[in-house]
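Going by the working numbering, the first residue of the sequence shown is number 351, and it counts up by one from there.
To keep things clear, I will list the structure first and then write my remarks on it.
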Amino acid sequence: MVGLGALGKILILFGIALIVIGFLLLIGEKIPWVGRLPGDILIKREKFTFYFPLATSIVISIILTLLFTLLRK
351 MVGLGALGKI LILFGIALIV IGFLLLIGEK IPWVGRLPGD ILIKREKFTF YFPLATSIVI
411 SIILTLLFTL LRK
């Protein structure tokens with residue numbers, strides 16, 4: 351069973367993660383290539399638009415994997 355001290359640490363980590371995600375969302379609009387990489391799927395029709403940021407998702411996944419690997423050591 352998890353004690354209250356461990357639960358507090360987990361909540362603090364989630365709070366820090368939310369702050370970092372919020373900060374990235376704020377500055378993400380100022381980075382021109384995010385969401386517009388070659389490989390991102392965009393289908394526009396008359397009354398329908400479908401957008402799937404495939405390449406952007408892969409790049410973000412690689413960056414996060416490297417970051418978590420470095421932080422774990």
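The C-beta atom is built at its ideal place from N, Cα and C for all residues, glycine as well.
(message) Taking 6 angstroms as the limit between beta carbons, can you name the residues of its chain near Lys403, skipping five residues before and five after?
(response) Position 53 of the sequence shown, counted from the first residue, corresponds to residue 403. The sequence shown places Pro at residue 403, rather than the Lys named in the question. Excluding sequence neighbours, Pro403 sits near Gly385, Asp390.
(message) Does any residue of chain D have a CB that is nearer than 9 angstroms to the CB of Ile366?
(response) The question asks about chain D, but that chain is absent: this structure has only one protein chain.
(message) Given this structure, state the Cα-to-Cα distance separating Gly372 from Gly365, to the nearest angstrom.
(response) Residue mapping note: residue 372 aligns to position 22 of the sequence shown, counting from 1. Residue mapping note: residue 365 aligns to position 15 of the sequence shown, counting from 1. The alpha-carbon atoms of Gly372 and Gly365 are separated by roughly 11 angstroms.
(request) Express the C-alpha separation of Ala405 and Thr399 in angstroms, rounding to a whole number. (result) As a working mapping, residue 399 is identified with position 49 in the sequence shown. As a working mapping, residue 405 is identified with position 55 in the sequence shown. Taking the straight line from one Cα to the other gives about 18 angstroms.
(request) Could you tell me the distance, in whole angstroms, from the CA atom of Leu361 to the CA atom of Pro388? (result) Translated into the one-based positions of the sequence shown, residue 361 becomes position 11. Translated into the one-based positions of the sequence shown, residue 388 becomes position 38. A straight-line Cα-Cα distance of about 38 angstroms links Leu361 and Pro388.
(request) Specify, as a first and last residue, the run of the alpha helix (DSSP H) that Phe418 falls within. (result) Here residue 418 corresponds to residue number 68 of the sequence shown, with the count starting at 1. 404 to 422 is the span of the alpha helix (DSSP H), which, as asked, contains Phe418.
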